[in-house]
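Q: Here it is, the structure, as structure tokens.
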Amino acid sequence: MRHTWDHVADATDALMATIESLPEGAQFDPSLCRGWTRGHVLTHLARNAEGLGNLVTWAVTKVETPMYPSAQARNDAIEAGARRSVAALRDDIRNASTWLALGARALSPADDETELELRGGVPERASGLATRRLREVVYHHVDVQAGYTFADVPAELVADFLSDEVARLRSDPAAPPMILRTAEGDEYVVGDIALAGDRTAYLSGSRAALLGWLARGLTDGVECQGGPLPELPEGS
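Per the numbering used here: the sequence shown = residues 1 to 236.
Printed below as a string of structure tokens:
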């Protein structure tokens, strides 16, 4: 499924509704991101919108425009913004997201193949920017821990993100051999299960539950046949 800026707009609307429900002081509560409060996550989402907006400018003008001035500048901006009021965080995300959306309107099919560079030198084409932003908004909406879970994500997006997480795991040689079976009828194989034999783990759960485990280490709704859940590689 090709993700569009309309998908990003819908996900952003859902995020804004959650932020509107947060009482003052909630920004200091912990998030699912290690070492980050909700305020850190929300500030990151605003700065990420600006960073991707810079890449949109690059794609349209063909003038190299870095996502962030530097890694340190990015980190400093997140730290500096994390302790603001809920209202300030809300307005920051709304303004940055609106700026990104307006910039994205200038993208044309002719820009799709423009080669860009994400933070850390990761290559990306302009056609992939909507997916990048969509994943940031959806995953970090869950990270805020304010009632929104992967079970609330549109089903077609859950299926896409789960496939992406499985592909990422398959590319990691440290991934344990496993078979994942979803309640919706999918089956994913990770690793050389023929070679692993009895060491193969058999996991089951809904797509949303398995996505939560692979993406964030959340274990609710995930079962492993005959034993504990396998340990995922560092960074998974």
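All residues carry an ideal CB built from backbone N, CA and C; glycine is no exception. None of the values given here were measured: they were computed from a predicted structure.
Assign valine 41 to buried or exposed, taking buried as 16 or more other Cβ atoms, counted over all protein chains shown, within 10 Å of its Cβ.
A: buried
Q: Check whether the Cβ atoms of leucine 118 and leucine 55 lie closer than 9 Å to each other.
A: yes
Q: Where glycine 205 and arginine 125 are concerned, what is the direct C-alpha to C-alpha distance, given to the nearest angstrom?
A: Whole-angstrom Cα-Cα distance: 34 Å.
Q: Please report how far the alpha carbon of glutamate 156 lies from the alpha carbon of alanine 87, in whole angstroms.
A: About 32 Å.
Q: Indicate whether at least one CB of chain B lies closer than 9 Å to the CB of leucine 89.
A: In the displayed structure, chain B is absent; only one protein chain is listed.
Q: Can you pull the DSSP bridge partners for serine 204?
A: Arg181 and Glu223
Q: Nearest by alpha-carbon distance to alanine 96: which of Arg47, Leu195 and Leu214 is it?
A: Arg47
Q: Buried or exposed for glutamate 223, please, with buried defined as at least 16 other CB atoms from any protein chain shown within 10 angstroms of its CB.
A: exposed
Q: Measuring straight from C-alpha to C-alpha, what distance separates glutamate 20 and leucine 195?
A: 51 Å
Q: Buried or exposed: where does arginine 31 fall if 16 or more other Cβ atoms within 10 Å of its Cβ makes it buried?
A: One detail in the question is off: residue 31 reads as serine in this sequence, not arginine. By the 10 Å Cβ count, serine 31 comes out buried.
Q: With a threshold of 6 Å on Cβ separation, who are the neighbours of arginine 170 within its own chain once the five nearest residues in sequence on each side are excluded?
A: Apart from the 5 residues on each side of it in sequence, arginine 170 sits with its Cβ closer than 6 Å to the Cβ of Val190 in its chain, given in chain order.
Q: Could you check how far apart the C-beta atoms of threonine 18 and tyrosine 148 are, in whole angstroms? I think they sit under 8 Å.
A: 5 Å
Q: Which residues does DSSP list as the beta-bridge partners of leucine 116?
A: Glu124
Q: Contact between the segment 69-80 and the segment 170-182 is defined here as three or more beta-carbon pairs at a separation below 8 Å; is this criterion met?
A: no
Q: Mind pulling the alpha helix (DSSP H) runs of 4 or more residues that sit fully within the segment 24-102?
A: 38-61 and 71-81
Q: Using C-beta distances below 7 Å, list every residue in its chain close to threonine 200, excluding the 5 sequence neighbours before and after it, in chain order.
A: Pro177, Met178, Ile179 and Ile193
Q: Within the same chain, show all residues whose beta-carbon is closer than 7 Å to that of glutamate 115, passing over the 5 residues directly before and after it, in chain order.
A: Pro123 and Arg125
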